[in-house]
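Undergrad:
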Amino acid sequence: MRMQELLRPSDILCGFDAPDKWGVLDRLMEHLRGTARYPEELQQKLHEAVHARERSMSTGMERGIAIPHAAVEGLDEIVACLAILPEGVNFESIDASPTQFCVLLLIPPREKLLHIRTLAEVAKVLGKEPVRQALLQASDSDEAWHALVEAG
């Protein structure tokens, strides 16, 4: 799944700020709650699954990227959002760099192959320095979304 299919412009949050990774996760979950892309009764279950996954092993990668994710029964489709954190947040990443790009993925458990492919696509696109720079310089979510479209 390509980034522009995964994310709507309204699901890209520019100039995002939070005190720590738990604050990032909570704010992203709250954003998704407002999109009505999954049943309201799943909110607590999704929140717990995302936090449990992050407690089990950090999803902070390298180059300022984190991809927290959880597979939860009851989802009909992949739901995602991207936070652009110019100041960076400690996600206990592999290279100890502050996370500036956090893509939260909520995935139906039956979509295991799509889960893996989506993680790989996000890492590939955000792994490109020009893409990361364009996202950091984007003044709004539409501009950031177009940077992802141009990245392929």
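Using the working numbering, you'd call the opening residue of the sequence shown number 742 and step up by one each time. For every residue, glycine included, the Cβ atom is placed at its ideal position computed from N, Cα and C. These numbers come from a predicted model, not from an experiment.
Look at G805 and G775 and say whether their C-beta atoms are less than 8 Å apart.
TA: No; because the gap between Cβ atoms is not below 8 Å, this pair is not in contact.
Undergrad: Taking a contact to mean a Cβ-Cβ separation below 8 Å, would you say L867 touches F757 in this structure?
TA: No.
Undergrad: Which one of S799, H788 and A888 has the shortest CA to CA distance from P871?
TA: Comparing Cα positions, the closest option is A888.
Undergrad: W763: buried (16+ other C-beta within 10 angstroms of its C-beta) or exposed?
TA: By the neighbour-count rule (16 or more Cβ atoms within 10 Å), W763 is not buried but exposed.
Undergrad: Note down, in chain order, each residue of its chain lying with its Cβ closer than 8 Å to the Cβ of W886, except the 5 sequence neighbours on either side.
TA: So the list reads Q745, L748, R749, P750 and I753, once near-sequence residues are dropped.
Undergrad: If I follow the unbroken alpha helix (DSSP H) through E771, where does it start and stop?
TA: Note, E771: alpha helix (DSSP H), K762 to R774.
Undergrad: Quick one: any contact between the stretch 853-860 and the stretch 833-842, if contact means 3 or more CB pairs under 8 Å?
TA: Counting Cβ pairs under 8 Å, fewer than three are found: no touch.
Undergrad: Answer with buried or exposed for V890, where buried requires no fewer than 16 other C-beta atoms within 10 angstroms of its C-beta.
TA: Exposed is the call here.
Undergrad: Mind checking whether L846 and T859 have CB atoms under 8 Å apart?
TA: Yes, they are a contact pair.
Undergrad: Under the three-state reduction of DSSP, which class applies to V813: helix, strand or coil?
TA: V813 falls in the coil class under three-state DSSP.
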